[in-house]
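J.: First the structure, which I've put down as structure tokens, then a few questions once you've had a look.
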Amino acid sequence: MEQKKPTATAEKVIEIKGLFKSFGNYHVLKGVDLDLYKRENLVVLGKSGTGKSVLIKIVVGLLTPDQGEVKVLDQIVDQITYKDLLDLRLKVGFSFQNSALYDSMTIRENLEFPLVRNQRNLTKGEVNSAVEEMLDAVGLLQTINQMPSELSGGQRKRIGIARTLILRPEIMLYDEPTAGLDPITCLEINSLINEVQDRFHTSSIIITHDLTCAKAVGNRVAMLLDGKFERQGTFEEVFNTSDKRVKPFYDYNFIQ
Ligand SMILES: Nc1ncnc2c1ncn2[C@@H]1O[C@H](COP(=O)(O)OP(=O)(O)O)[C@@H](O)[C@H]1O
Ligand SMILES: [Mg+2]
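In our numbering, the protein residues as written are 2 to 257.
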């Protein structure tokens, strides 16, 4: 299923230069250079434990770099005040791996929660229409009064994305959005990621192991290998190589 992608612009919304991050003697990121352009979907690939989640935690200021510069929407993340960091985080929606919905709240309450906490001046009517619009955008308006436990894994994922989108972030960070889902549901989530890009004009980083996902959603692919992004480009450019660290990825996904 080839999908036509909107062209990314030349404007950078994330600029990472010479980023290093270690935990004790374990060097995870060893000179990461990476840019995210406005309106593009950038797929980040890499084996488990290579530092993909660490990278996006640094982007939102949950972890600090040891060395290097991380600029998000023109602000250097580890040099701004805590208040500016909180404001910046409102513009960067992150859906973490295993990020759960609040089990004791209805779907409506799950979506209201971030809105009411962050935009205290909204009227009840404005909150309701924002919640309904966002549920409609992910195709799940009918679940509004249900509890998370009544939904399928794929539906919960969609609700999680809606909850992140409700603050209208400029940047979306998806950490393994299709992990643990069956192949058909993965395709639905891939379509949703593309719809979000089209409808909300977001710029996104999508972390995945799933090359079908990478192909379906990525304008560009970057592969984290030994702490650096040595291979970046279109899907074909990244995989057209005899690099022994890259081929197993491809073979695992496409060759039996
Ligand atoms: N807060 C932390 N303290 C110590 N080690 C960490 C911390 N966060 C991540 N790590 C380690 O860094 C490595 C990369 O982690 P992570 O970014 O989660 O990998 P992945 O690419 O699978 O997302 C792992 O070996 C992990 O154990
Ligand atoms: Mg991870």
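Think of the CB as a built atom: it goes at the ideal place given N, C-alpha and C, for glycine as much as any other residue. Predicted model, so just to flag it, every value in this text is computed and none were measured.
1. Who are the near neighbours of N146 in its chain, counting only those whose CB is closer than 6 Å to its CB and skipping five residues on each side?
2. Looking at S153 and ligand 2, is the gap between the Cβ and the nearest heavy atom below 8 Å?
3. G47 and M173: beta carbons closer than 9 Å?
4. What are the start and end residues of the alpha helix (DSSP H) that includes E231?
5. Could you tell me if the beta carbon of S96 falls within a distance shorter than 8 Å of some heavy atom in ligand 2?
6. Is the CB-CB distance between N42 and V239 below 9 Å?
7. What's the call for I15, buried or exposed, on a 16-neighbour Cβ count within 10 Å?
8. For K229, tell me which candidate among N122, K18, F201, E12 has the shortest Cα-Cα distance.
9. With a 10 Å radius around its C-beta and 16 neighbouring C-beta atoms as the bar for buried, classify A215 as buried or exposed.
10. By Cβ distance, which residues of its chain are closer than 8 Å to E133, with the 5 residues on each side in sequence left out?
11. Rank G161, I185, G25, L20 by C-alpha distance to the C-alpha of Q1 and give the top, closest one.
T.: Well, looking at it:
1. T107
2. no
3. no
4. Note, E231: premise wrong, no alpha helix (DSSP H); beta strand (DSSP E) at 229–234.
5. no
6. no
7. buried
8. K18
9. buried
10. L142, I145
11. Because the chain in this structure spans residues 2 to 257, residue 1 falls outside the shown range and cannot be described.
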